[in-house]
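Shown next, in the form of structure tokens:
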């Protein structure tokens, strides 16, 4: 069942369609091209957690369709490099940067976060990654890379939406993993890996409530536009994504699957 569901390609490829923009606005309140569990309040707080200024150099790990990075650069004036493994996401992100006339301070590239990244040591003041780490193998290496790339005193903020909080069945796991790779974390493993990487953990915040709320809003916003989405995605994919979102809501509202936001420094 889950193998036939396309969650990310369809969202990235159809980024500019008004139907998808309406869904994002109805789900999050603002449209950054999101496909994550980041509330609008958290989106606004990330620059503060990263201590960004107009002089900051920022790396976005798993930039998706680039909306948040572009918005960040426009609001703060900082320089942002975003990378994404999904080619459709990178293409959409670069087109967005061009349309918003921020290519002088924002660029997007295609890379795999679990591999060696082509950036110099100590080259970024801040790094963030939104609900991406749970899709990336070799998490220890990713955190070590982050420590290498950060300048002394730099900040790293990331979220993990797949922290195990209770018993989950095989069927529920299958529904929760519709597209790509997924890695579920036992409680405490992120804190352990952060320490081993040489980073300092400043805060681990439970944001599971946001996942429960946003998954319900996302599901309901899509359901209202069922006919339009079936025309874009096909009926099988539409129904699969709806099962996925309903499953996320059930697991997070029952706190059997948790989401945490981590703030670290070098």
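Numbering (the UniProt record's numbering), first residue to last: 1 to 266. The beta carbon of each residue, even a glycine, is placed where N, CA and C say it ideally should be.
Open item on the list: Our contact map puts residue 19 next to residue 228 with C-beta atoms below 8 Å; I'd like the distance itself, whole angstroms only.
Closed with: 5 Å
Open item on the list: For residue 103 and residue 97, which I take to be in contact (beta-carbon distance under 8 Å), what is that distance rounded to the nearest angstrom?
Closed with: 5 Å
Task: CB-CB length for residue 153 against residue 265, believed under 8 Å - done: 7 Å
Open item on the list: So, with DSSP's three-state summary, where would you put residue 5?
Closed with: coil
Task: Alpha-carbon to alpha-carbon, residue 46 and residue 73 - done: 13 Å
Open item on the list: Can you tell me which residues form a DSSP beta bridge with residue 126?
Closed with: 58, 155
Task: For residue 202, the first and last residue of its enclosing beta strand (DSSP E) - done: 200 to 206
Open item on the list: Buried or exposed, going by whether 16 or more other CB atoms sit within 10 Å of the CB of residue 25?
Closed with: exposed
Open item on the list: Could you give the first and the last residue of the continuous beta strand (DSSP E) run that contains residue 81?
Closed with: 79 to 84
Open item on the list: Suppose contacts are defined by Cβ-Cβ distances below 7 Å. Is residue 310 in contact with residue 175 by that definition?
Closed with: With the chain covering only 1 through 266, there is no way to say anything about residue 310.
Open item on the list: Suppose contacts are defined by Cβ-Cβ distances below 7 Å. Is residue 37 in contact with residue 160 by that definition?
Closed with: no
Task: Collapsed DSSP secondary structure at residue 229 in the structure displayed - done: helix
TODO: Indicate whether residue 256 and residue 188 have their beta-carbon atoms separated by less than 7 Å.
DONE: no
- [ ] In angstroms with no decimal places, state the Cα-to-Cα distance between residue 192 and residue 249.
- [x] 28 Å
TODO: Just the C-alpha distance for residue 258 and residue 126, rounded to the nearest angstrom, thanks.
DONE: 25 Å
Task: Cβ pair residue 106, residue 58 closer than 7 Å - done: no
Task: Cβ neighbour criterion (16 or more within 10 Å) applied to residue 1 - done: Residue confidence for residue 1 is low, a pLDDT of 39 falling below 50, so the modelled location carries little weight; the figure read from the coordinates is stated next. It is exposed - the Cβ of residue 1 has fewer than 16 other Cβ atoms within 10 Å.
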